[in-house]
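The C-terminal position of the sequence shown is numbered 551 in full-length UniProt numbering, with every residue numbered one higher than the one before it.
Backbone N, C-alpha and C define an ideal beta-carbon position, used for all residues, glycine too.
Here the structure is a predicted model, which means the values were calculated and not measured.
Each remark here refers to the structure printed beneath this line.
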Amino acid sequence: MGVSEMEKSGFGSNRFPKMVVSFLIAFFLLYMLSMAYRSSTFDLIGEFAKVHVTGEMAGNVSRASESEDKHSSHPERVVVDKLLGGLLAPGFDEESCISRYQSSLCRRISPHKPSSYLASKLRKYEELHQRCGPHTESYNRTLKELSSSHINGTTDCNYVLWTPANGLGNRIISMASSFLYAVLTNRVLLVDHGTDMANIFCEPFPNTSWLLPMDFPLSNQFYGLQSGNVQSYGQLLKNNNMNISTVSQPPPFLYLYLSFNNDEYDKLFYLDQNQGFLQNVPWLILKSDQYFAPYLFLIPSFQQELDKLFPDKETVFHHLVRYLFHPSNQAWGLITRFYQSYLASAEQRIGLQVRVFNRKASPIKVVLEQILGCIKKEKLLPQVDEEKHIAPPSKNKTSRAITIASLYPEYYESIKNVYWMRPTVNGDVIGVFQPSHEEAQQFGNNIHNIKAWAEINILSLSDVLVTSSWSTFGYVAQGLGGLKPWILYVPTSGQTSDQPCPRAMSMEPCFHFPPNYYKNGSNRRRLDTVPPVPHIRQCEDASTGIKLVND
């Protein structure tokens with residue numbers, strides 16, 4: 001029988017929906033299979049990426065660990081501890097001070113962790129500073145004491161006011177010492193930064209300021225503060241024949257003159273029996289250019305507390321300077337631009353700080369010979385090959401970046417030429433850089449101080465550090481970086497020495513001009529005869545000085 005056109009049409013209409021349904025089912029199955037394949041592919045990619053990154057980090061850690069040789073060729077920088085082991089408090093506005101939590105990304109990881117007691121003490125101090133800081137009710141009430149001839153006993157906050165003396169390095173080490181004294185005596189530290197230190201540091205304490213208000217009543221007297229001031233503690237002791245018990249009423253304020261040229265009466269501050277009287281004086285106005293923290297360890301009433309704060313004696317300044325001093329955003333910009341341009345890709349970073357106090361007594365040629373002698377004797381850098389012009393191919397060559405910090409350009413130019421004109425004997429690639437050369441130290445210059453602060457921080461990013469004897473600039477760099485430096489003896493007699501740069505016994509700064517005695521009970525002994533305690537030693541670079549070391 002034939003099939004009519006109507007039947008053909010009916011057959012086609014029944015078949016079409018089936019085809020559509022079949023197509024949709026097939027499409028759905030293909031879609032589900034493709035999604036499953038895509039998911040498994042991404043899982044594989046994700047696992048590969050995870051393994052790759054973990055392996056790379058592990059490789060970095062492994063390479064860092066392997067290279068922790070004599071000169072820490074490429075120390076570990078993988079793990080980031082923004083709070084520095086509990087040293088820093090969380091909760092700051094990060095944008096207002098980028099360096100506070102980011103400096104750890106650039107600097108070698110410190111093996112020195114703060115004690116839990118120190119971290120707890122710092123949190124308590126921060127609470128005290130918030131309660132007693134500038135323009136608080138307690139501050140305003142204590143401020144009224146300054147206009148009184150005697151203390152009426154209504155204050156609940158006492159203060160140490162730090163005032164500046166000498167260069168930036170001296171200021172930083174003395175501020176750190178003053179803060180430690182404030183913590184030990186339950187006082188609040190306020191600092192007078194003036195105009196030449198504006199916008200160098202971030203605020204160190206949360207939700208408050210450590211800057212002395214500009215309208216402080218006595219601020220116009222600070223710059224004339226010298227030894228023998230009639231309102232100084234030393235003069236008060238002198239007037240009372242060094243018997244403080246004869247003073248009937250503590251004054252509302254006293255000056256503490258603790259700079260390098262203080263006299264024998266000013267140094268009586270360090271006697272334990274004179275500390276009790278100071279506890280009753282609301283305002284102590286302190287002027288110093290010294291790292292006087294080591295002598296606080298010789299004051300019996302402070303020793304127990306200091307032992308709990310710092311079980312590791314050579315980390316005192318390391319912890320204090322990293323806690324207090326964070327580069328402002330302006331300074332951090334200088335630091336990071338130099339770091340990213342010249343240091344970030346180097347496998348080893350070497351810092352060389354050259355401080356010459358008298359260019360006539362220390363001619364450039366002699367100082368340069370001393371520097372090169374230091375590098376050769378301590379094997380801080382590979383020697384150059386005097387017979388070849390091109391280094392042989394080597395798979396093990398290391399890239400090294402040297403940062404030279406000096407007021408003068410000649411040392412940089414000479415060392416750069418040494419490693420430019422000839423290859424190294426082992427094929428290592430040496431880059432030599434200098435951030436600035438100001439020619440002279442400029443007191444009262446804000447931009448000069450910002451540059452100096454930037455260079456101190458750049459030096460602290462080193463794996464190997466050489467500093468100059470007596471230089472507080474170098475002290476701050478080694479403290480920030482947690483580095484035990486080689487100390488370059490800058491020759492002053494026109495002759496180099498057989499020991500151009502011995503290794504420091506600790507990373508602590510030197511207290512250049514301490515009292516030349518200490519008291520143990522009723523016994524008074526000279527400091528230079530025998531160490532009074534196991535963790536106090538004579539400085540390597542200053543025969544008159546003392547420094548903290550591990551027992």
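Status (buried if at least 16 other CB within 10 Å, exposed otherwise) for residue i
i: L83; result: exposed
i: I447; result: exposed
i: R123; result: exposed
i: H535; result: buried
i: R359; result: exposed
i: E66; result: At E66 the pLDDT is 36, less than 50, meaning the model places this residue with poor confidence; the figure from the coordinates comes in the next sentence. With fewer than 16 other Cβ atoms within 10 Å, it is exposed.
i: L105; result: exposed
i: H389; result: exposed
i: M400; result: What sits at residue 400 in the sequence shown is Arg, not Met. Result: buried.
i: T195; result: exposed
i: N14; result: With a pLDDT of only 48 at N14, under the threshold of 50, the placement of this residue in the model should not be trusted; the figure read from the coordinates follows. Label assigned to N14: exposed.
i: R187; result: buried
i: W420; result: exposed
i: V21; result: Since pLDDT at V21 reaches only 48, below the 50 mark, its modelled position is unreliable, and no value is offered.
i: G474; result: buried
i: P300; result: exposed
i: S469; result: buried
Residue i and residue j closer than 7 Å at C-beta
i: W162; j: S178; result: yes
i: I546; j: P294; result: yes
i: Y411; j: I402; result: no
i: E314; j: L548; result: yes
i: V418; j: I172; result: no
i: Y257; j: I285; result: no
i: L184; j: F302; result: yes
i: C97; j: H326; result: yes
i: residue 560; j: S138; result: An answer regarding residue 560 cannot be provided, because it is not within the stretch 1 to 551 covered by the chain.
i: K227; j: D266; result: It should be pointed out that residue 227 corresponds to Ser in this sequence rather than to Lys. Yes, they are a contact pair.
i: N199; j: Q102; result: no
i: P393; j: N426; result: no
i: residue 552; j: A361; result: Not covered by the structure: residue 552. The range shown for the chain is 1 to 551.
i: Y125; j: W283; result: no
i: F205; j: H319; result: no
i: P509; j: Y323; result: no
i: Q304; j: T496; result: no
i: G167; j: Q441; result: yes
i: residue 623; j: L237; result: The shown model of the chain, from 1 to 551, leaves out residue 623, and the question about it has no answer.
Collapsed DSSP secondary structure at residue i in the structure displayed
i: T195; result: coil
i: L268; result: helix
i: S73; result: In this prediction, S73 has a pLDDT of 49, which is less than 50 and means its spatial position is unreliable; nothing more can be read from the coordinates.
i: P327; result: strand
i: L488; result: strand
i: Q273; result: helix
i: G545; result: coil
i: residue 592; result: As displayed, the chain neither begins before 1 nor continues past 551, which places residue 592 out of reach and without an answer.
i: L284; result: strand
i: V321; result: helix
i: Q370; result: helix
i: R107; result: coil
i: G12; result: Because the pLDDT at G12 is just 42, under 50, the model does not fix this residue reliably, and the value given afterwards should be weighed accordingly. Helix at G12.
i: G234; result: helix
Residue nearest to residue i in terms of C-alpha spacing, selected from the options
i: E264; options: L548, Q538, N550, F513; result: F513
i: I350; options: T195, L459, E508; result: L459
i: P164; options: Y223, R141, E127; result: Y223
i: V354; options: G194, T136, I200, P485; result: P485
i: N220; options: D192, A119, P509, P250; result: D192
i: F511; options: E540, L334, N140; result: E540
i: P500; options: M507, P509, V490; result: V490
i: V429; options: E127, L343, A440; result: L343
i: residue 569; options: Y139, F338, F357; result: What the structure shows of the chain is the stretch from 1 to 551, and residue 569 is not part of that stretch, so it cannot be assessed.
i: S328; options: P90, R108, S99, A89; result: S99
i: S248; options: P393, L128, F277, L271; result: F277
i: F433; options: P515, W470, S341; result: S341
i: P311; options: K365, L168, L118, D463; result: L118
i: A504; options: T467, L143, N241, R108; result: T467
i: N516; options: S232, L168, S543; result: S543
i: V464; options: L352, S116, M197, P532; result: L352
Presumed contact (8 Å Cβ cut-off) between residue i and residue j, rounded CB distance
i: S110; j: G482; result: 4 Å
i: V384; j: P423; result: 7 Å
i: L334; j: P217; result: Contact flag wrong, Cβ pair sits at about 36 Å.
i: N207; j: P250; result: The pair is not a contact, with the Cβ atoms about 31 Å apart (cut-off 8 Å).
i: D289; j: N170; result: 4 Å
i: G85; j: K121; result: At roughly 14 Å, the Cβ-Cβ gap does not stay under 8 Å, so G85 and K121 are not in contact.
i: L190; j: P252; result: Their Cβ separation, rounded to whole angstroms, is 16 Å, which puts L190 and P252 out of contact at 8 Å.
i: N550; j: S506; result: 7 Å
i: S436; j: E455; result: 7 Å
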